[in-house]
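Q: The numbers in the working numbering rise by one with no breaks, and the one at position 14 of the sequence shown is 0.
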Amino acid sequence: MFGLSKEAVTIISNIMGPLGTLLACVMFGSSIGVIRQVIRDKSIGKFSYIPYLLQLCNCSLWVIYALGDWGDGSKLWCFVANGLGLIIVIMTYSVYTYYCTQDKKRALLKTSVMPVIAIIAFAVYVVFADIAGKPTTPEVAALASGKACMILNIIMYLGPCAGLKE
-13 MFGLSKEAVT
-3 IISNIMGPLG
7 TLLACVMFGS
17 SIGVIRQVIR
27 DKSIGKFSYI
37 PYLLQLCNCS
47 LWVIYALGDW
57 GDGSKLWCFV
67 ANGLGLIIVI
77 MTYSVYTYYC
87 TQDKKRALLK
97 TSVMPVIAII
107 AFAVYVVFAD
117 IAGKPTTPEV
127 AALASGKACM
137 ILNIIMYLGP
147 CAGLKE
C-alpha cells in the first residue's frame, strides 16, 4: 500500500482504526444536542430529517459491510463506530418523528420508506442472495457494499446542506 512496508501499514491501521472510530463517534454524537433541543422545545423547529435519514442509511450500510466481511475481525472499528452511530441516529430519528407535525411526519415516512427498504434488501443480498445463479461470496458482498458505502458517504456529507435552504 503506497510503497509502505507491511509493518508500517499495520502500525498505521492500529492507530487510525481507534482514532477514526473516536472521530466518527464524536461526529455521530453531535445529534445528541439536537435531540435535547427538540425534547426541550417539544418541536422540531427548523431541523431537517434529511441528514438523519442519510446517516441512518450510511451507518446501516457500514454495519452490513463490516458484518458481511468480518473475516479476521479487521472490520471491528468500522462496526463499532457505525454501530454506535446507528443507535444514536435511531434515537434521533425517533425523537424527530415523535415531535414533528402530522404533515411533516407523512413527508418523513414517504421519503424514508424506499431507502429503508433498499437497506433491508441490501442486507438480504449480502447475507443470502444469489446473483445470476452464483452464491454471493464474502468478497463480492464486501466489494458491492464497500462501493455502496462510499457513494452514500459522499451523499451523507452533503446532507447538512438540506439545512441551508433557509
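From the three backbone atoms N, C-alpha and C, an ideal C-beta is built for every residue, glycine too.
1. Is residue 36 helix, strand or coil by DSSP?
2. Under three-state DSSP, which class holds residue 30?
3. Put residue 116 into one of helix, strand or coil per three-state DSSP.
4. Between the alpha carbons of residue 135 and residue 89, how many angstroms are there, rounded?
5. Buried or exposed: which applies to residue 17, given that a residue is buried once 16 or more other Cβ atoms fall within 10 Å of its Cβ?
6. Consult DSSP for residue 48 and reduce its assignment to one of helix, strand or coil.
7. Once the 5 residues before and after residue 105 are set aside, which same chain residues still bring their CB inside 7 angstroms of it?
8. Could you check the C-alpha separation between residue 11 and residue 63 for me, to the nearest Å?
9. If you draw a straight line from the alpha carbon of residue 86 to that of residue -3, how long is it in whole angstroms?
10. By how many angstroms is the C-alpha of residue 19 removed from the C-alpha of residue 13?
11. Can you name, in chain order, every residue of its own chain whose Cβ lies under 6 angstroms from the Cβ of residue 50, other than the five neighbours on each side?
12. Suppose the cutoff is 7 angstroms on Cβ atoms and the five residues either side in sequence are ignored; what does the same chain contact list for residue 29 look like?
A: Reading it off the structure:
1. helix
2. DSSP places residue 30 in coil when its eight states are reduced to three.
3. Confidence at residue 116 is low in this model, with a pLDDT of 46, below 50, so the placement of that residue should be treated as unreliable; the coordinate-derived value is given next. If DSSP states are grouped into helix, strand and coil, residue 116 belongs with the strands.
4. Note on geometry: alpha-carbon atoms of residue 135 and residue 89 lie some 31 angstroms from one another.
5. So residue 17 counts as buried.
6. Of the three classes helix, strand and coil, the one that applies to residue 48 here is helix, per DSSP.
7. 43, 46 and 47
8. Roughly 11 angstroms between the two C-alpha positions.
9. 47 angstroms
10. 11 angstroms
11. 109, 112 and 131
12. 85
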